[in-house]
Amino acid sequence: MTKQSVVVPEVAVPMPPNSAPLLPYPPPRAAPGVAVRKKYLQAQLDLGAGLPLINGWVESMRASSPTHAKAAAALAAAGAVDDERAAWMVRHPSALSKFEQIVAASKGKKIVMFLDYDGTLSPIVDDPDSAFMSDTMRRAVRSVAKHFPTAIVSGRCRDKVFEFVKLAELYYAGSHGMDIKGPAKASRHNKAKAKGVLFQPASEFLPMIEQVHDSLIERTKCIPGAKVENNKFCVSVHFRCVDEKSWSTLADIVKAELKDYPKLKLTQGRMVFEIRPTIKWDKGKALEFLLESLGFADCTNVLPVYIGDDRTDEDAFKVLRKRGQGIGILVSKYPKDTNASYSLQEPAEVMEFLLRLVEWERLSRARPKW
Ligand SMILES: O=P(O)(O)OC[C@H]1O[C@H](O[C@H]2O[C@H](CO)[C@@H](O)[C@H](O)[C@H]2O)[C@H](O)[C@@H](O)[C@@H]1O
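In this note's numbering, the protein residues as written are 96 to 465.
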């Protein structure tokens with residue numbers, strides 16, 4: 096495979112050793128700084144920072160005592176965050192400002208679009224059951240799917256994400272890619288082979304996941320605000336609405352539950368613990384599987400574009416880097432180590448990017464080919 100189709104911004108992006116967020120550690124402490132520290136902690140957890148932070152940072156926040164000097168340090172750290180962000184934007188420029196560069200890379204290639212759901216197509220909200228997508232976003236995704244094969248790749252249960260998106264012409268990969276299904280409705284991209292696709296590499300884990308889900312519902316009842324979500328091949332335990340004093344207790348409950356299940360592993364997303372089978376399957380593998388199903392297995396004339404906001408999306412960004420092919424776009428307002436090349440700040444920018452892509456494709460079709 097040629098490496099020519101890899102798309103990176105003009106400035107080389109170093110491969111990060113891991114996906115730890117970049118906000119300063121430890122967070123600033125103290126009086127006026129308490130709000131700042133709280134914001135950092137929230138941002139870190141929202142970015143899906145690792146489990147040790149839950150135990151370490153919560154304790155350090157509690158231990159902080161207000162002093163004048165510490166408040167000054169907090170404000171200085173806030174300035175450092177701005178510098179950090181500017182430097183990060185150079186390495187991961189906005190996909191909107193580099194739009195021409197991105198579409199130039201697609202010359203002679205078929206764009207295949209991969210979209211994460213929460214935090215990418217819908218804004219993050221407190222109640223996971225109310226993470227609705229706007230009608231305007233739905234129209235944008237529908238238009239994109241008219242021009243390019245399009246897949247939704249989500250940590251959610253496939254049926255649930257379909258209920259939100261409601262577009263039958265798309266591919267859906269639910270449960271972090273462990274539940275893949277082709278479009279229910281024909282479109283000009285659906286080859287018969289791809290349309291019939293259904294792949295569930297973790298089916299043997301279904302009973303185990305059910306058990307863990309039921310047990311965690313019981314065990315977390317004592318923690319107000321905790322929410323356990325059954326995502327079919329994985330379980331999410333949300334702590335967004337849990338008082339921070341109880342975060343460690345909740346983490347301990349989840350870890351204790353997993354002691355009985357060595358074939359399950361624990362990862363962390365945006366204010367959520369994710370329990371998943373230990374199989375080597377993730378959003379990156381799902382992306383490769385879908386490209387293959389679409390007939391682009393070893394092709395150089397394809398340009399996968401993946402847009403996502405969460406740590407689990409990093410698996411897909413990594414695959415694009417490894418293939419030397421495609422465009423990874425991270426949705427984030429904060430600097431964060433990522434394998435994506437470009438960034439967008441929030442779902443509203445994702446929509447703008449999708450609409451621009453549709454318009455560009457429409458115009459390039461209309462353009463005479465001499
Ligand atoms: O892969 P995704 O589509 O991004 O799904 C990842 C998780 O998204 C949902 O949780 C997140 O969004 C919620 C609604 O905005 C928010 O309340 C929560 O704090 C976020 O973590 C979903 O509920 C999870 O099951 C998914 O695993």
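Glycine included, each C-beta is placed from N, C-alpha and C at the ideal position. Quick caveat: nothing in here was measured; it's all calculated off a predicted structure.
Query, Result
"Does DSSP put residue 304 in a helix, in a strand, or in coil?", "helix"
"Pick helix, strand or coil for residue 192, following the three-state DSSP scheme.", "coil"
"Name the residue from 271, 190 and 183 whose alpha carbon lies nearest to the alpha carbon of residue 441.", "190"
"Could you pull out every unbroken alpha helix (DSSP H) segment of at least 4 residues lying fully inside the stretch 238 to 292, listed in chain order?", "253 to 260 and 287 to 290"
"Can you give me the start and stop residues for the beta strand (DSSP E) that residue 361 sits inside?", "359 to 364"
"Could you tell me the alpha carbon to alpha carbon distance between residue 291 and residue 450, rounded to whole angstroms?", "29 Å"
"Less than 7 Å between C-beta atoms, sequence neighbours within five positions excluded: which residues of the same chain meet that for residue 360?", "371 and 373"
"Checking the sheet assignment: what are the DSSP bridge partners for residue 425?", "403 and 438"
"Pull up the DSSP beta-bridge partners for residue 325, would you.", "330"
"What's the gap between the Cα of residue 178 and the Cα of residue 429?", "12 Å"
"What number of angstroms, rounded off, separates the C-alpha of residue 252 from the C-alpha of residue 183?", "33 Å"
"Going by DSSP, which residues form a beta bridge with residue 371?", "360"
"How is residue 206 classed by DSSP in three states: helix, strand or coil?", "strand"
"On the criterion of 16 or more Cβ atoms from any shown chain inside 10 Å, does residue 225 qualify as buried, or is it exposed?", "exposed"
"Take the Cβ of residue 231 as the centre, count every other Cβ of all protein chains shown within 10 Å, and call the residue buried at 16 or more, exposed below.", "exposed"
"Let me know if residue 309 comes out buried or exposed under the rule of 16 or more other beta-carbons within 10 Å of its beta-carbon.", "exposed"
"Beta-carbon separation of residue 294 and residue 384 under 8 Å?", "yes"
"When the Cα of residue 272 is compared with those of 381, 331, 217 and 409, which residue comes out closest?", "381"
"For chain B, find out if any of its Cβ atoms is closer than 8 Å to the Cβ of residue 433; answer yes or no.", "Annotation note: the requested chain B is absent from the structure, which comprises a single protein chain."
"Which word fits residue 334, buried or exposed, when buried means at least 16 other C-beta atoms lie within 10 angstroms of its C-beta?", "buried"
"Leaving out the 5 sequence neighbours to the left and right, which residues in its chain are closer than 8 Å to residue 405 when beta-carbon positions are compared?", "143, 211, 213, 214, 250, 364 and 365"
"Please classify residue 434 as buried or exposed, where buried requires at least 16 neighbouring CB atoms within 10 angstroms.", "buried"
"Below 7 Å, is the gap between the Cβ of residue 211 and the nearest heavy atom of ligand 1?", "yes"
"Kindly indicate which three-state DSSP category residue 294 falls into: helix, strand or coil?", "strand"
"With H, G and I counted as helix, E and B as strand and the rest as coil, what does DSSP make of residue 213?", "strand"
"For ligand 1, any of its heavy atoms closer than 7 Å to the Cβ of residue 250?", "yes"
"Please find out if some non-hydrogen atom of ligand 1 comes closer than 7 Å to the beta-carbon of residue 219.", "yes"
"Quick one: is residue 160 buried, meaning 16 or more other Cβ sit within 10 Å of its Cβ, or exposed?", "Since pLDDT at residue 160 reaches only 36, below the 50 mark, its modelled position is unreliable, and the value read off the structure follows with that caveat. Under this definition residue 160 is an exposed residue."
"With DSSP collapsed to three states, give me the class of residue 397.", "strand"
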